[in-house]
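Accompanying notes for the structure given below.
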Amino acid sequence: MRTLESFVNGAWHAPDSEGVTTSHAVTGEPVASVSSSGIDFAGTTTYAREVGGPTLRSMTFHERASLLKTLGQHLFAEKEGLYDLSTATGATRADSWIDIEGGAGVLLSYASKGRRELPNSTVLLDGDPEILARDGSFIATHMATSLNGVAVQVNAFNFPCWGALEKFAPALLAGVPTIIKPATQTAFLTEAMVRLMVQSGILPDGALQLVCGGVGDLFDHLGGQDLIGFTGSASTAAFLRAHPAVVERSARFNAEADSLNAAILGRESGPGSTEFDLFVSEVVTEMTVKAGQKCTAIRRALVPHQHLDAATDAVATALGEVRVGDPADPETRMGALVSTVQRREVLDAISTLVGSTTVVTDSCEFHGVDPARGAFLAPTLLRTDNPTNPGVHTTEAFGPVSTIMGYTNPADAISLTALGSGSLVASIYTADPVEARELATGIAAHHGRIHMVDASVADTSTGHGSPLPNLVHGGPGRAGGGEEMGGLRGVRHHLQTTAVQGSPDMLTAITGEWMPGSTRLFDRGHPFKLNFDDLSIGTAIRTNSRTVTLDDIESFAESTGDHFYAHMDEEAAAASPIFGGRVAHGYLVLALAAGLFVWPDPGPVLANYGVDRCRFAKPTYPGDTLTVLLTCKRKTLRAGAGYGEVAWDAQVNNQADEVVAAYDVLTMVANRPGVNGAPLEQTDNGGNT
Ligand code: NAP
Numbered sequence: 158m159r160t161l162e163s164f165v166n167g168a169w170h171a172p173d174s175e176g177v178t179t180s181h182a183v184t185g186e187p188v189a190s191v192s193s194s195g196i197d198f199a200g201t202t203t204y205a206r207e208v209g210g211p212t213l214r215s216m217t218f219h220e221r222a223s224l225l226k227t228l229g230q231h232l233f234a235e236k237e238g239l240y241d242l243s244t245a246t247g248a249t250r251a252d253s254w255i256d257i258e259g260g261a262g263v264l265l266s267y268a269s270k271g272r273r274e275l276p277n278s279t280v281l282l283d284g285d286p287e288i289l290a291r292d293g294s295f296i297a298t299h300m301a302t303s304l305n306g307v308a309v310q311v312n313a314f315n316f317p318c319w320g321a322l323e324k325f326a327p328a329l330l331a332g333v334p335t336i337i338k339p340a341t342q343t344a345f346l347t348e349a350m351v352r353l354m355v356q357s358g359i360l361p362d363g364a365l366q367l368v369c370g371g372v373g374d375l376f377d378h379l380g381g382q383d384l385i386g387f388t389g390s391a392s393t394a395a396f397l398r399a400h401p402a403v404v405e406r407s408a409r410f411n412a413e414a415d416s417l418n419a420a421i422l423g424r425e426s427g428p429g430s431t432e433f434d435l436f437v438s439e440v441v442t443e444m445t446v447k448a449g450q451k452c453t454a455i456r457r458a459l460v461p462h463q464h465l466d467a468a469t470d471a472v473a474t475a476l477g478e479v480r481v482g483d484p485a486d487p488e489t490r491m492g493a494l495v496s497t498v499q500r501r502e503v504l505d506a507i508s509t510l511v512g513s514t515t516v517v518t519d520s521c522e523f524h525g526v527d528p529a530r531g532a533f534l535a536p537t538l539l540r541t542d543n544p545t546n547p548g549v550h551t552t553e554a555f556g557p558v559s560t561i562m563g564y565t566n567p568a569d570a571i572s573l574t575a576l577g578s579g580s581l582v583a584s585i586y587t588a589d590p591v592e593a594r595e596l597a598t599g600i601a602a603h604h605g606r607i608h609m610v611d612a613s614v615a616d617t618s619t620g621h622g623s624p625l626p627n628l629v630h631g632g633p634g635r636a637g638g639g640e641e642m643g644g645l646r647g648v649r650h651h652l653q654t655t656a657v658q659g660s661p662d663m664l665t666a667i668t669g670e671w672m673p674g675s676t677r678l679f680d681r682g683h684p685f686k687l688n689f690d691d692l693s694i695g696t697a698i699r700t701n702s703r704t705v706t707l708d709d710i711e712s713f714a715e716s717t718g719d720h721f722y723a724h725m726d727e728e729a730a731a732a733s734p735i736f737g738g739r740v741a742h743g744y745l746v747l748a749l750a751a752g753l754f755v756w757p758d759p760g761p762v763l764a765n766y767g768v769d770r771c772r773f774a775k776p777t778y779p780g781d782t783l784t785v786l787l788t789c790k791r792k793t794l795r796a797g798a799g800y801g802e803v804a805w806d807a808q809v810n811n812q813a814d815e816v817v818a819a820y821d822v823l824t825m826v827a828n829r830p831g832v833n834g835a836p837l838e839q840t841d842n843g844g845n846t
């Protein structure tokens, strides 16, 4: 039996008194002793704030994303040791895959999102600037920066690796240090994973700490710059939510609690349909993966009355084919619950449910194990003929247990689903788009995620029970009212968004992004001749002019095939309330603008990869004369790639100085030779390096 250590204040800490003993889920043998005694929790939070936080905040989003990538790759390389330990939690190899590789995958996913979707900066802008003075001299923008505190992450026992990593990844990307507090029962696996992370030396000091055992007075040291991310039961969530750190000092609190998730079979998805088979298969999968110890597991299966008997028989038959037993045996599909204590809790919940249900199946053969020693439990399917009985919608049996029930029509299915009082996820199995819309919009307010299944996604659906890093995980009401992951949403939860008001120049200086009305620097020659490193925010060019002719419009129509009446039919265009006469194609305006600002020779600008935010503000008529103002708006270095991305504010004006088109031109611009991995020899660009 191991005595688990915590990783606090930059060192491993052994408890100074005996701890709680946790047992092997299969053999019942002691596995670990867990205690946090002797930890200086005030010091732990100070270490996070004073050592981890400043280092993380000095790094850009891209630099933090690189840490996540290296760390994720490291965990993948070292995963087998974690698999070996994971069996003691009762998990099969497939169960452990979700936890271990799924967790490492979240790090990689956030690494990729960080590099693709966030700026290479410490500041994240939110939305377009607001112009507050009529002359544009006073503006505002929303700017998000890292909170200066610590993210305390309290996790449930069922996903000791994934549960910790799905909270850690967005926090790290946001520049906020983490203290992980795993559930005592499976802390031995989290501890092993954190050892790998610490030994790798990838993370800066103070970025990650681990507390195995109770939290002591940790929460007393949390305040308005800190976050508490909780996953576990509704009762613990309610207790922690009421802590003065949350109620009085406004520490941010996010809860992922229990949830009686539903699967709804559509009315036309009867026996023989692909949707029926997918429904049956998913209910069985969700009951048996991780022995049903998943917050997202299907606890309530809703079936149209006319299909209830067939669906009940099909689920029971499929459950009978699930091999239950030793999780280390590759043939096993369902292993053990995490502990005999957990099994007792599930059996108690089943007893409560049996008051309002009948048992369809609750026995099986246990292969290669002594069920008296380990925490084994047969998959248990219950059925109720009184589906409005609140018991089946409120009692969570956190194990291989589900209740099947009938409904009469979509409105009935929606109100039965809502009796769960808020859930993480629901699945709907229908090929009928009208029914799909009625059900999905009817239950959406009660859910964090809806999983639509028909035959077309049979091979590609990611599954009812799989929260994904790019999608919201969380749910209203009973599910905790929180939200995790969801791509960058999870990162933003760790940032403070601040409205910053001032002059355009001041806001440009603060945010590092050129703001409308800010000074343009016209004295640098053509900006396309400047390397990434030599370009300043605000570097600009006012181009020569170009008069648009009817010939231009007609030949553009001819070559593209775009003969829309507004460009080609004088009479119809004159009758239009918008145009009042023939106008140039918007895309012709963009093309002519490019002709005005592009520098033709090979040079630092490697490619134009798109435009953003394009608007045609006013029509361009034959005879109008166009000029472009092109301004370096945003620079994003691609570390090690030899180039960076440059967004240019493009404004196309007519002879009256009215804006006819406005957009961002997106380009890749080479670094100086030899800088950031750029080749030493660069194409001649007229001597401007
Ligand atoms: P739990 O008993 O509520 O424990 C969850 C976590 O809270 C554990 O780390 C636990 O630590 C800690 N904790 C308990 N009391 C605490 C206190 N007074 N102060 C600080 N921390 C405290 O839940 P569980 O039995 O581990 O997990 C099962 C439940 O979690 C189920 O109801 C399930 O639905 C829910 N769950 C929800 C999600 C989701 O994403 N929504 C995911 C997984 C599980 P100790 O272990 O040391 O007591």
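Be aware that the sequence shown starts at 158, since it is given in my numbering, and climbs by one per residue.
Where is the CB? At the ideal position from N, CA and C, for every residue including glycine.
- Linking residue 648 to residue 273 through their CA atoms gives a straight-line distance of about 14 Å.
- Residue side-chain check: residue 648 keeps its Cβ at 7 Å or more from all non-hydrogen atoms of the ligand NAP.
- The beta carbons of residue 650 and residue 411 sit closer together than 8 Å.
- DSSP places residue 503 within a helical segment (H, G or I) once states are collapsed to three.
- Here the alpha carbon of residue 255 sits roughly 18 Å from the alpha carbon of residue 582.
- Per DSSP, the beta-bridge partners of residue 789 are 805.
- Put simply, the segment 191-199 does not touch the segment 301-319. Fewer than three CB pairs are less than 8 Å apart.
- The three-state reading of DSSP puts residue 679 in coil, since its state is none of H, G, I, E or B.
- Residue 440: member of the alpha helix (DSSP H) spanning 431-445, first to last residue.
- Residue pairing of residue 586 in beta bridges, as defined by DSSP: 422 and 610.
- Contact annotation: residue 232 and residue 346 have beta-carbon atoms that are not nearer than 8 Å.
- Boundaries of the alpha helix (DSSP H) harbouring residue 725: 722-725, taken from the DSSP string.
- In this structure, the ligand NAP has no non-hydrogen atom nearer than 7 Å to the beta-carbon of residue 789.
- Residue 716 and residue 779 have their alpha carbons spaced roughly 18 Å apart.
- Judged by DSSP secondary structure, residue 658 falls within the beta strand (DSSP E) whose first and last residues are 652-659.
- Of the heavy atoms belonging to the ligand NAP, at least one sits nearer than 7 Å to the Cβ of residue 338.
- Contact annotation, residue 260 with residue 329: C-beta distance approximately 13 Å; criterion of less than 8 Å not satisfied.
- Distance from the Cα of residue 238 is smallest, within the candidate group 724, 669, 352 and 447, for 352.
- DSSP places residue 600 within a helical segment (H, G or I) once states are collapsed to three.
- For residue 800, the beta-bridge partners assigned by DSSP are 795 and 827.
- Around the beta carbon of residue 507, 16 or more other beta carbons sit within 10 angstroms, so the residue counts as buried.
- Secondary structure remark: continuous alpha helix (DSSP H) runs of at least 4 residues inside the segment 388-419, in chain order: 391-398 and 401-404.
- Classified as exposed, residue 392 has fewer than 16 neighbouring CB atoms from the shown chains inside 10 Å of its CB.
- Between the C-alpha atoms of residue 325 and residue 179 there is a straight-line separation of about 25 Å.
- The C-beta distance from residue 387 to residue 413 rounds to 7 Å, short enough to meet the 8 Å contact threshold.
- In the structure shown, residue 286 falls within a strand segment according to DSSP collapsed to helix, strand and coil.
- Listed in chain order, the non-local C-beta contacts of residue 160 below 6 Å within the same chain comprise 190, local neighbours out to five positions each way being set aside.
- Distance from the C-beta of residue 342 to the nearest heavy atom of the ligand NAP is below 7 Å.
- In this structure the segment 817-827 does not touch the segment 727-737; the number of beta carbon pairs closer than 8 Å is below three.
- Non-local C-beta neighbours of residue 630 in its own chain, meaning closer than 8 Å and more than five positions away in sequence, comprise 323, 413, 581, 605, 606, 624, 640, 641, 642 and 643, ordered along the chain.
- Residue pairing by DSSP places residue 837 opposite no residue, since no beta bridge is assigned to it.
- At the C-beta level, residue 359 and residue 227 come within 8 Å of one another.
- For residue 671, DSSP assigns no beta-bridge partner whatsoever.
- Per DSSP, the continuous alpha helix (DSSP H) segment holding residue 319 begins and ends at 319-331.
- Here residue 689 really is in contact with residue 828; their C-beta atoms are around 5 Å apart, less than 8 Å.
- With distances taken between CA atoms, residue 808 lies nearest to 746 out of 718, 513 and 746.
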